[in-house]
């Protein structure tokens, strides 16, 4: 049996999510990328199942993961940082899963009136963690990386809105 995730790897994802570590601390393994991608997809699916039917929830989760991969790959390949692609994608997916678990727990536990208070905090946390990863991957300042993370969120929102309007019945 192949050991995909260790507690150490999950700990590194947690440290990246808390803005204490960088993607360079991860092993550049394809298995880690695939495992973190799967974790991010399934956590996103759990969140989306609170609002949508399974087929639509799965499609939205898939679109979310693919959008993040395509945007990140495009930026890193354009800036000729090919060697950082695997660790960056692994970090973004792993951090997305970690933050998604917190978001899911809030959705399940809190009433909608209180959830409104925590949504902006989760969004800022996610943007900050994404910016932290991009800061190290692209060798840019945090403020520039944060603006790129906002661009990610905007693109994702646009893509999900477009496809949702086409497939939701």
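Residue numbers (my numbering): 31 to 199.
All residues carry an ideal CB built from backbone N, CA and C; glycine is no exception.
Residue i to residue j span [Cα, whole Å]
{"i": "residue 116", "j": "residue 197", "result": "31 Å"}
{"i": "residue 52", "j": "residue 43", "result": "9 Å"}
{"i": "residue 167", "j": "residue 76", "result": "29 Å"}
{"i": "residue 140", "j": "residue 157", "result": "22 Å"}
{"i": "residue 86", "j": "residue 194", "result": "8 Å"}
{"i": "residue 211", "j": "residue 109", "result": "No information on residue 211 is available, as it lies outside the stretch 31 to 199 that the chain covers here."}
{"i": "residue 147", "j": "residue 154", "result": "12 Å"}
{"i": "residue 143", "j": "residue 135", "result": "15 Å"}
{"i": "residue 118", "j": "residue 169", "result": "12 Å"}
{"i": "residue 104", "j": "residue 82", "result": "30 Å"}
{"i": "residue 123", "j": "residue 187", "result": "17 Å"}
Bounding residues of the alpha helix (DSSP H) (the contiguous stretch that carries residue i)
{"i": "residue 41", "result": "37 to 47"}
{"i": "residue 142", "result": "142 to 168"}
{"i": "residue 202", "result": "In the structure as shown, the chain starts at 31 and stops at 199, and residue 202 therefore has no counterpart that could be examined."}
Under 8 Å between C-beta atoms of residue i and residue j
{"i": "residue 47", "j": "residue 125", "result": "yes"}
{"i": "residue 164", "j": "residue 179", "result": "yes"}
{"i": "residue 66", "j": "residue 120", "result": "yes"}
{"i": "residue 62", "j": "residue 39", "result": "yes"}
{"i": "residue 90", "j": "residue 78", "result": "yes"}
{"i": "residue 182", "j": "residue 107", "result": "no"}
{"i": "residue 7", "j": "residue 133", "result": "Since the first residue shown for the chain is 31 and the last is 199, residue 7 is missing from the structure and cannot be characterised."}
{"i": "residue 95", "j": "residue 71", "result": "yes"}
{"i": "residue 127", "j": "residue 88", "result": "no"}
{"i": "residue 131", "j": "residue 152", "result": "no"}
Under the three-state DSSP convention, the category residue i falls into
{"i": "residue 194", "result": "helix"}
{"i": "residue 134", "result": "helix"}
{"i": "residue 124", "result": "helix"}
{"i": "residue 179", "result": "helix"}
{"i": "residue 117", "result": "helix"}
{"i": "residue 51", "result": "coil"}
{"i": "residue 74", "result": "helix"}
{"i": "residue 173", "result": "helix"}
{"i": "residue 92", "result": "helix"}
{"i": "residue 186", "result": "helix"}
{"i": "residue 67", "result": "helix"}
Sequence-distant residues of the same chain with beta carbon closer than 7 Å to residue i, five excluded per side
{"i": "residue 84", "result": "none"}
{"i": "residue 172", "result": "161 and 165"}
{"i": "residue 145", "result": "136 and 137"}
{"i": "residue 99", "result": "119"}
Cutoff 8 Å: residue i Cβ touching any chain C Cβ
{"i": "residue 42", "result": "Annotation note: the requested chain C is absent from the structure, which comprises a single protein chain."}
Same chain, Cβ closer than 8 Å to residue i, five either side skipped, listed in chain order
{"i": "residue 112", "result": "106"}
Contact test: residue i Cβ vs the ligand PLP heavy atom, cutoff 7 Å
{"i": "residue 133", "result": "Absence of the ligand PLP from the depicted structure is noted, as is the absence of any ligand whatsoever, leaving it without description."}
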